[in-house]
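>
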Amino acid sequence: MVTEAVKPMAGDVAGNDNGAVTDSRSLVDSLVASGALDPLFERIDGGQIELTGDGGLPGELTRAALERGLQTEMTSHLGYAPGDRESKAGGGHANSRNGSYPKTPSTPVGEAAVQVPRDRDGSFTPRLAPKHSRRLGGLDEMIISLYAGGMTVRDIQHHLAKTIGTDLSPETISNITDAVSDAVLEWQERPLDESYPVVYLDAVRVKVRDNGRVLPKAAHIAIGVDMDGFKHVPGMWVQDNEGASFRAHVCAEMANRGMADALIVCCDGLKGLPEAVEATWPKAIARTCVAHPIRAANRFVADHDRKRVCAALRSVYRAPNGQAAEKALGEFAESELGRRYPSVAATWKRSWDRFVPFPRFPPMLRRVAYTTNSIESPDYQSRKVSRNRSQFPNDQAVVKLFWLAICDIEDKRSLKRAKDGNKTRRKSEGRLIEGRMTTNWKQALAQLAAAYPERMEPYL
Numbered sequence: 001m002v003t004e005a006v007k008p009m010a011g012d013v014a015g016n017d018n019g020a021v022t023d024s025r026s027l028v029d030s031l032v033a034s035g036a037l038d039p040l041f042e043r044i045d046g047g048q049i050e051l052t053g054d055g056g057l058p059g060e061l062t063r064a065a066l067e068r069g070l071q072t073e074m075t076s077h078l079g080y081a082p083g084d085r086e087s088k089a090g091g092g093h094a095n096s097r098n099g100s101y102p103k104t105p106s107t108p109v110g111e112a113a114v115q116v117p118r119d120r121d122g123s124f125t126p127r128l129a130p131k132h133s134r135r136l137g138g139l140d141e142m143i144i145s146l147y148a149g150g151m152t153v154r155d156i157q158h159h160l161a162k163t164i165g166t167d168l169s170p171e172t173i174s175n176i177t178d179a180v181s182d183a184v185l186e187w188q189e190r191p192l193d194e195s196y197p198v199v200y201l202d203a204v205r206v207k208v209r210d211n212g213r214v215l216p217k218a219a220h221i222a223i224g225v226d227m228d229g230f231k232h233v234p235g236m237w238v239q240d241n242e243g244a245s246f247r248a249h250v251c252a253e254m255a256n257r258g259m260a261d262a263l264i265v266c267c268d269g270l271k272g273l274p275e276a277v278e279a280t281w282p283k284a285i286a287r288t289c290v291a292h293p294i295r296a297a298n299r300f301v302a303d304h305d306r307k308r309v310c311a312a313l314r315s316v317y318r319a320p321n322g323q324a325a326e327k328a329l330g331e332f333a334e335s336e337l338g339r340r341y342p343s344v345a346a347t348w349k350r351s352w353d354r355f356v357p358f359p360r361f362p363p364m365l366r367r368v369a370y371t372t373n374s375i376e377s378p379d380y381q382s383r384k385v386s387r388n389r390s391q392f393p394n395d396q397a398v399v400k401l402f403w404l405a406i407c408d409i410e411d412k413r414s415l416k417r418a419k420d421g422n423k424t425r426r427k428s429e430g431r432l433i434e435g436r437m438t439t440n441w442k443q444a445l446a447q448l449a450a451a452y453p454e455r456m457e458p459y460l
């Protein structure tokens, strides 16, 4: 379902057209080698032909190609070539050419002033330059890609006018980006797997206009690792009310879409979320990631001592069991650093109940559940693309932008893997939306099955 929903992204377009790009490059290389392009190069070197801007060579080539293709479409529609009406077998034809009309559509290389042919009975419908369409040849995909990269509507308008001479209104650009809303809704409502052994939950703070007021809200993002080790994004939710009721709504929605169980749920210090997880999936182990109490404790530590504090705390989260971890924390509290910064041990003690399941995990599972780093990448991208926006017009705009941002970053990774010749160990689909292999998952799954056999066997 999601695969179909996310097809219009720029990375997919590049991937699908790879053969065409290769053929075009081979053709140009052969023309250069034969010397056929030498007169053109001489005129470019002499400043007689511009390569960019209004009236540049790429735009004029696009115009000429469009007009040639439109004439071919008209010939196919009428059934005879120009000047061949009477000689066509069977005599004259009821319909015929009737001149042309000008049209200036926007293309990825700028505006192209083309002459669109027309027929006498008005039955010709061009496909290369469709009626009522002002944009051609991948411009929509370019705009969506720029929007996913963090540019605002006004930024995109200025960028297109400056680079390719295309002047689109902010309303048009906004409508183009809104075209993905149906795909986002379909993705947001899709069925989920019955169980995810590991789930990561985190939130990004944004400002959203709501009933005439700009309010700070939390955009929650979830990542689930399925039984095969592939990562999925079950969904994104923008906080619509305060307190634990919204956290419960997030968990309830995932359960209503088919997620019947979760074994380990890593929460990044979100108040009330562990309780909502346990209420929805009573057997789930809701725990805070190790990185969260480390970051929280370092807020009270001087910059020149932070490395020493982090090094001293390793004995706590690397302890072989809960008792050893508690003993290590006590030793830190009695140490010189612990006495200098008593708030460090106090911070760990406040989150101890949610941390203490971690020392019971076997080694490979610790690497998977150590931190919410698996969700840090989409979080970073979400913060990056939202940085240019002082506020969002509504909750749906937040989800749309973050969804596009996650697709965009995974498209970049997919293109990089393709460029490297697929020499990486990850052979899965590119998008985080639809899965990326979790490192060391096979070993972690084996240790999960050994440690929690009654929970894992129904899904293996």
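1 is the number of the first residue of the sequence shown in UniProt numbering; add one for each residue after it. From the three backbone atoms N, C-alpha and C, an ideal C-beta is built for every residue, glycine too.
#1: Is PRO254 near GLY229, with beta carbons less than 8 Å apart?
#2: Take LEU168 as the anchor and find which of SER181, ALA179, ARG154, LYS327 has the nearest alpha-carbon.
#3: Could you check where the beta strand (DSSP E) with LYS103 kicks off and where it finishes?
#4: Would you mind working out which of GLY258, ALA252, LYS217 sits nearest GLN239, comparing C-alpha positions?
#5: Output yes or no for whether 8 Å exceeds the beta carbon distance between ASN98 and ARG118.
#6: By DSSP, does GLU275 sit in helix, in strand, or in coil?
#7: Which residues does DSSP pair with THR177 in a beta bridge?
#8: Under three-state DSSP, which class holds CYS289?
#9: Just to confirm the assignment, what range does the beta strand (DSSP E) spanning TYR317 have?
#10: Since I believe VAL204 is in contact with ARG389 (beta carbons under 8 Å), could you give me their beta-carbon distance rounded to a whole number of angstroms?
#11: Roughly how far, in whole angstroms, is the beta-carbon of ALA260 from the beta-carbon of GLU194, given that I think they are within contact range, below 8 Å?
#12: Find out if the Cβ-Cβ distance for the pair PRO393, PHE355 is shorter than 8 Å.
#13: Compare the C-alpha of ASP140 against each of THR125, GLY122, LEU160, PRO126 and name the closest.
#14: By how many angstroms is the C-alpha of ALA297 removed from the C-alpha of THR347?
#15: Excluding five sequence neighbours on each side, which residues of the same chain lie with their C-beta closer than 6 Å to the C-beta of TYR317?
#16: Which of the three DSSP states, helix, strand or coil, is assigned to PRO393?
#17: Pull the bridge partners of LEU201 from the DSSP assignment, please.
#18: Using CA atoms only, rank isn't needed, just tell me which of ARG308, VAL32, ILE285 is closest to PHE358.
#19: Take LEU404 and list the residues in its own chain whose beta-carbon comes closer than 6 Å to its own, dropping the five residues that flank it on each side.
#20: Apart from the five residues just before and just after VAL301, which ones in its own chain have a Cβ nearer than 8 Å to its Cβ?
#21: With a cut-off of 8 Å on the beta carbons, I'd call ALA219 and PHE41 a contact; round off their distance for me.
#22: In terms of DSSP beta bridges, what is TRP237 paired with?
#23: Quick check on this structure: which residue in LEU37, ILE44, VAL114 has the alpha carbon closest to the alpha carbon of GLU60?
#24: For PRO117, which beta-bridge partners are listed by DSSP?
#25: To which residues does DSSP link ALA444 through a beta bridge?
#26: Between which two residues does the alpha helix (DSSP H) holding PHE332 run?
#27: With DSSP as the reference, label SER169 as helix, strand or coil.
#28: Using the DSSP secondary-structure output, state which residues sit across from TYR196 in a beta bridge.
#29: Just mark LYS427 as buried or exposed, buried being the case when its beta carbon has 16 or more other beta carbons within 10 Å.
#30: Within the same chain, show all residues whose beta-carbon is closer than 7 Å to that of ALA319, passing over the 5 residues directly before and after it, in chain order.
#31: Write down the C-beta distance between LEU215 and VAL208 rounded to the nearest angstrom, noting that I regard them as a contact closer than 8 Å.
#32: Give the straight-line distance between the Cα atoms of ARG63 and HIS232, rounded to the nearest whole angstrom.
#33: Should SER123 be labelled buried (16 or more other beta-carbon atoms within 10 Å of its own) or exposed?
#34: Between the beta-carbon of ALA112 and the beta-carbon of PRO102, is there less than 8 Å?
So, to answer that:
#1: What sits at residue 254 in the sequence shown is Met, not Pro. No. Outside cutoff.
#2: Across the set SER181, ALA179, ARG154, LYS327, the C-alpha of ARG154 shows the shortest separation from the C-alpha of LEU168.
#3: 97–103
#4: Looking at the Cα atoms, LYS217 is the closest of the given residues.
#5: yes
#6: It is helical.
#7: None, per the DSSP bridge assignment.
#8: In this structure, CYS289 counts as coil in the three-state DSSP scheme.
#9: No beta strand (DSSP E) contains TYR317, which is instead part of the alpha helix (DSSP H) from 306–317.
#10: Contact flag wrong, Cβ pair sits at about 12 Å.
#11: At roughly 5 Å, the Cβ-Cβ gap stays under 8 Å, so ALA260 and GLU194 are in contact.
#12: no
#13: LEU160
#14: 6 Å
#15: VAL290
#16: coil
#17: ALA222, CYS267
#18: Closest by alpha carbon: ILE285.
#19: ALA148
#20: Residues of the same chain with a CB within less than 8 Å of the CB of VAL301, apart from the 5 flanking positions on each side, are VAL309, TYR341, VAL344 in chain order.
#21: About 52 Å separates the two Cβ atoms, so there is no contact after all.
#22: HIS220
#23: VAL114
#24: SER100
#25: None; ALA444 has no bridge partner.
#26: Annotation for PHE332: the continuous alpha helix (DSSP H) segment containing it runs 322–334.
#27: coil
#28: ALA262
#29: Only weak support is given to the placement of LYS427: the predicted model assigns it a pLDDT of 48, under 50, and the value that follows is read from those uncertain coordinates. Exposed.
#30: Cβ neighbours of ALA319 beyond the five flanking positions: ALA325, ALA328, PRO359.
#31: About 6 Å; that satisfies the 8 Å criterion.
#32: HIS232 has its alpha-carbon roughly 43 Å from the corresponding atom of ARG63.
#33: exposed
#34: no
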